[in-house]
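Have a look at the structure below, then the notes.
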Amino acid sequence: MNQLLKTCRRLANSGIILDRYGNNFRLRTPFSSEKLLLPFRRTLASVESSTNVSNIQPGPCLLFSEDENMLRDTVRKFSQSSIAPKVREMDEKGETDKEVISQLFSNGLMGLEVPVEYGGSGLTFTQACIVIEEIARVDPAVAVLVDVHNTVVNTAVRKWARPEQKKKWLTALATDTVGSFCLSEASSGSDAFALKTRAVDKGDHFVINGGKLWISNAMEAGLFIVFANVNPEKGHKGITAFVLDSKNPGLSIAKKEDKLGIRASSTCELVFQDAKVSKEDVLGEIGNGYKIAIESLNEGRIGIGAQMIGLAQGAMDIIFPYLHERKQFGSRIGDFQGVQFQYAQARVELEAARALVYNAARMNDAGISIRKEAAFAKYYSAQVAERIASKCIDLAGGMGFVKEFGLEKYYRDVKIGHIYEGTDNIQLQTIAKEMQRESGFDKK
Ligand SMILES: Cc1cc2nc3c(=O)[nH]c(=O)nc-3n(C[C@H](O)[C@H](O)[C@H](O)COP(=O)(O)OP(=O)(O)OC[C@H]3O[C@@H](n4cnc5c(N)ncnc54)[C@H](O)[C@@H]3O)c2cc1C
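The sequence shown runs 1 to 444 under UniProt numbering.
Here it is as structure tokens:
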């Protein structure tokens, strides 16, 4: 084995990389910028065999494999070269640059966990979180586009679509079509399953009427997963998921929101007026929509945790060098003990949040229920990221307050982490319910 590792290192130094897959090794050349994720791609069979608890070796959740570290470096370089130069302009315009979206697709970043068979990158969920964290480090707004598309929309289709639907939708979502997840409505946010949008069965098709609020990616999306109730008497058990094409004449964007943060990510109000949807376009079973929403959002919450730790790291990346350049009282401000205690405290909290995110991600990859862990990850990462984004501004003094320095955007972008995919209170409610269930106190 030592000999093999030595060979690995020698080949890596010579520009050729030897990957380990279980007990097999594979030679590959370094990745090209066009096919960013090609070296990390796995087939459907290898994805399925790895999502088995018996294959998992317990270990530190923040100990990343060679592949995971290489993926992180690759996405970091991509984010710095392709996204960073456009961050300020996208924030000011309130839109994601089309070229950035096209590069996300061409580099496999929009089909992260989609199996290679459907044109995706076949990554693990943990690897998807690494990608989201690294993009958020540069721009949390682009990260949420990538996150919602991958961890929520693609996940729902990957898990619930029939094979012929996967061929049609997953292939599109992995290669050129942005997705939106449409659950929230004007009167149903935290109480999402009180939704009022209705789908009426007309024999060979359904007709949807109603509206949705706060829909991310709506301006860019070609596919919309829409939750509507086909049988209101059954309450949440009537909720069904439909996949609508953006060209559906019954679907329109009523308003694009003007927001505090993540401004480049579109957030829109949608209206459905007699939107005709074929029965072929029902995702999963009729009445199973609430289950699809809950399960997709559990993974989505870990993705938001990854966005939040990436954001906090991005703010730290700016402040730390500054603290060692700026001098006051004849000394670098980073050498004052009062300042050291503050950045050390931030680092501890960031590591704790990162551990919660990757623990939840690795549990998800192992096929273990992550309901509570997803809530831990999202809740705590949002808290920590807000404290760090704010602290970094304090530590930069006046420079922290100006746009040019870059910190104020993280401070604006961070607030959404407490709101979408379940507010802080909703995460705490989930954790409390799980605690009661685990100890048997759920039975009154
Ligand atoms: C930028 C942005 C993007 C979004 N993207 C999407 C998207 O792509 N798809 C989608 O479907 N939705 C999306 N949302 C909607 C988001 O998920 C909701 O805003 C969120 O779930 C909160 O719902 P609400 O805004 O109606 O707040 P409300 O539910 O009205 O909550 C208001 C306050 O009451 C508290 N509260 C509510 N109920 C309870 C309770 N039982 N116990 C304690 N406190 C409670 C909340 O914690 C919150 O503090 C997005 C929202 C925003 C702002």
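Glycine residues also receive a C-beta, built at the ideal position from the N, C-alpha and C atoms.
Please classify residue i: is it buried, with 16 or more other beta-carbons within 10 angstroms of its beta-carbon, or exposed?
i	result
K77	exposed
N107	buried
I225	buried
N154	buried
A186	exposed
R354	buried
Q436	exposed
V200	exposed
N364	buried
What separation, rounded to the nearest whole angstrom, lies between the Cα atoms of residue i and residue j?
i	j	result
K86	D97	8 angstroms
C182	R332	50 angstroms
N150	L112	7 angstroms
M308	R263	16 angstroms
T177	A382	29 angstroms
G422	S81	33 angstroms
Y411	D204	50 angstroms
A361	E134	15 angstroms
S216	E257	10 angstroms
P30	Q165	For P30, the predicted model reports a pLDDT of 39, less than 50, meaning its position is unreliable; a value from the coordinates is still stated below. Their Cα atoms are separated by approximately 34 angstroms.
M110	A128	10 angstroms
V138	D317	10 angstroms
V339	L311	21 angstroms
R326	G303	35 angstroms
Consult DSSP for residue i and reduce its assignment to one of helix, strand or coil.
i	result
V230	coil
C392	helix
I368	coil
R198	strand
V114	coil
S190	coil
L251	strand
S65	coil
Y420	coil
Below 7 angstroms, is the gap between the Cβ of residue i and the nearest heavy atom of ligand 3?
i	result
G422	Annotation note on ligand 3: not contained in the displayed structure, which lists ligand 1 as its ligands.
Can we count residue i as close to ligand 1, meaning its CB is less than 7 angstroms from some heavy atom?
i	result
V200	no
N425	yes
V148	yes
W160	no
F181	yes
K259	yes
G417	no
Q429	yes
Just grab the DSSP bridge partners of residue i for me.
i	result
G211	V271
H205	S278
D245	L223
L283	A241
R332	K327
K256	C268
V75	Note: V75 sits in no beta bridge, so no partner.
F181	I225
S82	According to DSSP, S82 bridges with nothing at all.
S216	T267
Got a sec: is the Cβ-Cβ distance from residue i to anything in chain D below 8 angstroms?
i	result
Q57	Of the protein chains in the structure, only one exists, and it is not chain D.
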